[in-house]
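In my numbering, the protein residues as written are 223 to 675.
Cβ coordinates follow ideal geometry from the N, Cα and C atoms, glycine included.
Only a predicted model underlies this, so the values are computations on that prediction, with no experimental measurement involved.
Everything on this sheet refers to the single structure shown next.
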Amino acid sequence: MRFSIAPPQSEDLSNPSRTIQSYWTETAPPERPGAPLEGDVETEVAIIGGGYTGLACALTLARDHGVQATVLEAGDIGWGASGRNGGIVSIDCTQLSLREKQRRVGEAETIRFYASQAEAVVNLRALIAEEGIACDASGASVLEVASSPRGYEEMAQQVSYYTQKLGLRARRLSRDALREESFESPYAFGALECAPAFSVHPLKLVLGIAAAAVRGGAVLHPNSAVRSWRREGRRHLLETDRGTVRARFVALATNGFPPTRLQPSVTSRALPVLSNIIVTRPLSDEQREAHGWRDHRPMYDDRNLLRYFRMLPDGRFLLGARGDVWGTETGAKAMRQALLRDLEAMFPAWADVPITHFWRGPICATLSRAPSIGRSQDDPTVLFAFGYHGTGVNSATWCGAALARLIAEGDDGEEGIPSLYRGRPPRVPFPGLKPYLVGAGLLWRGLRDRLGF
Ligand SMILES: Cc1cc2nc3c(=O)[nH]c(=O)nc-3n(C[C@H](O)[C@H](O)[C@H](O)COP(=O)(O)OP(=O)(O)OC[C@H]3O[C@@H](n4cnc5c(N)ncnc54)[C@H](O)[C@@H]3O)c2cc1C
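Put into structure tokens, the structure is as follows:
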């Protein structure tokens, strides 16, 4: 099975039979759940994609609604973005500013959207506790670092909206306050702290959700890419290399790995964008002290092309950023170099710290710059959830559960879904245009950062 972000691609993005070497794969237990599909099976709901969306959907269907659910995943469980992200659990899976949200859906629905995002963080923490998922969950808030004095000024408005309208815990930290309680850097001009948020080991999390789904009664088939999909009367027939699944409903949970030949009326609306991560060797006490580092909260900054970072439990530093749309080896080398330059600019004293890991994967954007949950217009027994814009740890788990309710409760399941998630985003007429569109978006965002608007 090969995915087509844009040819030619490197193996880590296109070949699910290849294990992704990352800091997470090195530090998670090696066992992976489930066995490839062999033979012909019947199920109520077939779910394509074994990441947070697909597994949360399967868990909710099987455990909470007693509905038979079968997950088909092209690689190992968690092979996609769910097993290789930055592990920052925080809010806002859109690329819309507050004002843009208010213009699009009005004040009440904007507040409902933010409430659902905060609920997604809280629910995930509760799920981790209830199911006893050992995924190194820690912290209770996130810092958004201001990369300019203007950025810091603008955070005042955000804080008052978060606290007064949304009832979230938020506050601004001046540059001095940041230096006192967190870290010091020539690039940081203050920060906004927002709760709820926390951090996890993302691969341990996805494996833990998978184990909970199995305990709840779901069936998982890794290494079982869906090759073809057709209707057979009232059932869908999905074919893998060594078996078939007949199902009344199909849930597409493929996010940044849209299989172009399956259900193009949905998958043509998903825009993969690569996100890249470096991890350093553990920093010595002196190296940490050079930037006064004393924080384990996850962080990102306020740039349009944002950087996200966190100190890992064993003292390594993780830094990530978006960039590259073609997925070639040359692009990977360029992104690794770009991250090294970022590390040096943000934390000059760490410029020479060796990098031990580099990997990447696709996040999923949409032309509406918002996620999408719903049913196919052509066939109401086909459902989907995608487009979390790189904030998927909370959002994908929440959307997967919402998808399950849509299936199990029919129209009643729609009630809890704020309107920002509803409706399909515009489709990209030719799949070959996707990388150009995404590339143009990245260039535009980079330009805005450089020119400061
Ligand atoms: C490098 C990186 C860093 C990130 N950092 C963060 C972060 O810090 N915080 C955050 O909130 N979000 C982050 N994200 C985003 C987050 O990881 C995703 O939004 C989330 O994992 C999406 O989950 P998912 O289940 O929808 O998709 P995925 O986990 O990508 O799963 C989709 C699955 O579908 C499978 N599939 C596709 N086609 C088929 C087929 N035909 N048959 C069977 N299976 C198929 C794929 O193999 C894949 O495993 C990051 C993403 C990346 C790549």
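| Item | Value |
| --- | --- |
| How about residue 475 and residue 269: are their beta carbons less than 8 Å apart? | yes |
| Let's see if you can read the secondary structure: which residues bound the beta strand (DSSP E) around residue 313? | Segment: none, residue 313 is in no beta strand (DSSP E) and carries neither H nor E. |
| Can you tell me where the alpha helix (DSSP H) with residue 582 in it begins and where it stops? | Per DSSP, residue 582 belongs to no alpha helix (DSSP H); it is in the beta strand (DSSP E), 577-587. |
| With a Cβ-Cβ cutoff of 8 Å, do residue 498 and residue 667 count as a contact? | no |
| Could you have a look at residue 411 and say whether DSSP puts it in helix, strand or coil? | coil |
| Is the segment 412-420 touching the segment 362-373 in the sense that three or more CB pairs, one from each, lie closer than 8 Å? | yes |
| Would you tell me roughly how many angstroms separate the C-alpha atoms of residue 603 and residue 568, rounded to the nearest one? | 49 Å |
| Quick check on residue 268: does DSSP put it in helix, strand or coil? | strand |
| Could you tell me if residue 655 is buried or exposed, where buried requires 16 or more neighbouring beta carbons within 10 angstroms of its beta carbon? | exposed |
| Count the other CB atoms within 10 Å of the CB of residue 547; is the residue buried (16 or more) or exposed (fewer)? | buried |
| Tell me the rounded alpha-carbon separation between residue 538 and residue 502. | 5 Å |
| How is residue 443 classed by DSSP in three states: helix, strand or coil? | strand |
| Less than 8 Å between the C-beta atoms of residue 333 and residue 283, yes or no? | no |
| Taking 7 Å as the cut-off, is the C-beta of residue 479 nearer than that to any heavy atom in ligand 1? | yes |
| Compute the Euclidean distance between the alpha carbons of residue 192 and residue 555, then round it to the nearest angstrom. | Residue 192 falls outside the range modelled here, since the chain spans only 223 to 675, and no answer is possible. |
| Kindly identify the DSSP beta-bridge partner or partners of residue 417. | 391 |
| Please list the terminal residues of the continuous alpha helix (DSSP H) segment that includes residue 624. | 614-631 |
| Would you say the beta carbon of residue 362 is closer than 7 Å to some non-hydrogen atom of ligand 1? | no |
| Hey, how far is the Cα of residue 620 from the Cα of residue 275? | 8 Å |
| Using the Cα positions of residue 665 and residue 564, report the straight-line distance between them to the nearest angstrom. | 17 Å |
| My guess is that residue 258 and residue 477 are in contact by the Cβ rule of under 8 Å, so how many angstroms apart are they, rounded? | 22 Å between Cβ atoms; not a contact. |
| Assuming residue 610 and residue 593 form a contact by the criterion Cβ under 8 Å, report the distance between their Cβ atoms to the nearest whole angstrom. | 5 Å |
| Is DSSP giving residue 547 helix, strand or coil here? | coil |
| Which of the three DSSP states is assigned to residue 262 in this structure? | strand |
| Drop a sphere of 10 angstroms on the beta-carbon of residue 309, count the other beta-carbons inside from all chains shown, and report buried for 16 or more, exposed for fewer. | buried |
| Which first and last residues belong to the alpha helix (DSSP H) in which residue 344 is found? | 320-352 |
| What are the partner residues of residue 502, as DSSP defines its beta bridges? | 577 |
| Can you have a look at residue 552 and say buried or exposed, based on whether 16 or more other CB atoms are within 10 angstroms of its CB? | exposed |
| Between which two residues does the alpha helix (DSSP H) carrying residue 462 extend? | Careful: residue 462 lies outside any alpha helix (DSSP H), inside the beta strand (DSSP E) at 457-462. |
| Which class does residue 561 belong to by DSSP, given the choice of helix, strand or coil? | helix |
| With distances taken from CA atoms, which of 481, 590, 589, 559 is nearest residue 576? | 559 |
| Among 587, 451, 484, 441, which one has its Cα closest to the Cα of residue 492? | 587 |
| Are there 16 or more other CB atoms within 10 angstroms of the CB of residue 295, so buried, or fewer, so exposed? | buried |
| Consider the C-beta atom of residue 584 and the heavy atoms of ligand 1; say whether any pair is separated by less than 7 Å. | yes |
| In this structure, how does DSSP classify residue 523 when only helix, strand and coil are distinguished? | strand |
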